[in-house]
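Structure first, then comments.
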Amino acid sequence: MEMFSMPILSQSIHERAHYEQQLIEQIQNDLKRFNLILRRTHDQQNVFYLGDRNSFEQLSQEFMLETDLFEIDMTIY
859 MEMFSMPILS QSIHERAHYE QQLIEQIQND LKRFNLILRR THDQQNVFYL
909 GDRNSFEQLS QEFMLETDLF EIDMTIY
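Remember, my numbering sits 858 above the position in the sequence shown when you count from 1.
Here you go:
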């Protein structure tokens, strides 16, 4: 009875999932290797920011200090 409750996924779906997993891992490795940051922008247009991590952190710190609207609770690496 259990075998009827388990979905059967085709080989092509498994291959696609494996390919996408490898692609995500490669992107993550490249971001770390080249010290880049990838962030979604504030708007709802699916726009992303890709840039140097150090520059981004510096600009973020300056913005937070100038606006005095934010407080850092903790940093996650």
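For every residue, glycine included, the Cβ atom is placed at its ideal position computed from N, Cα and C.
Note that the coordinates shown come from a computational prediction; the quantities given were computed from them, not determined experimentally.
Residue i in three-state terms, based on DSSP
i       : result
Leu-889 : helix
Ile-871 : helix
Phe-906 : strand
Ile-930 : coil
Enclosing beta strand (DSSP E) for residue i [first to last residue]
i       : result
Leu-923 : Element bounds for Leu-923: not the beta strand (DSSP E) but the alpha helix (DSSP H), 911-925.
Ile-895 : 894-898
Beta bridge counterpart(s) of residue i as assigned by DSSP
i       : result
Leu-881 : Looking at the DSSP assignment, Leu-881 forms no beta bridge with any residue, so it has no partner.
C-beta neighbour in chain D for residue i, strict 7 angstroms
i       : result
Ala-875 : Although the question refers to chain D, the structure presented lacks it and comprises just one protein chain.
- May I ask you to verify whether the region 883-897 touches the region 907-925, counting CB pairs closer than 8 angstroms and requiring at least 3? yes
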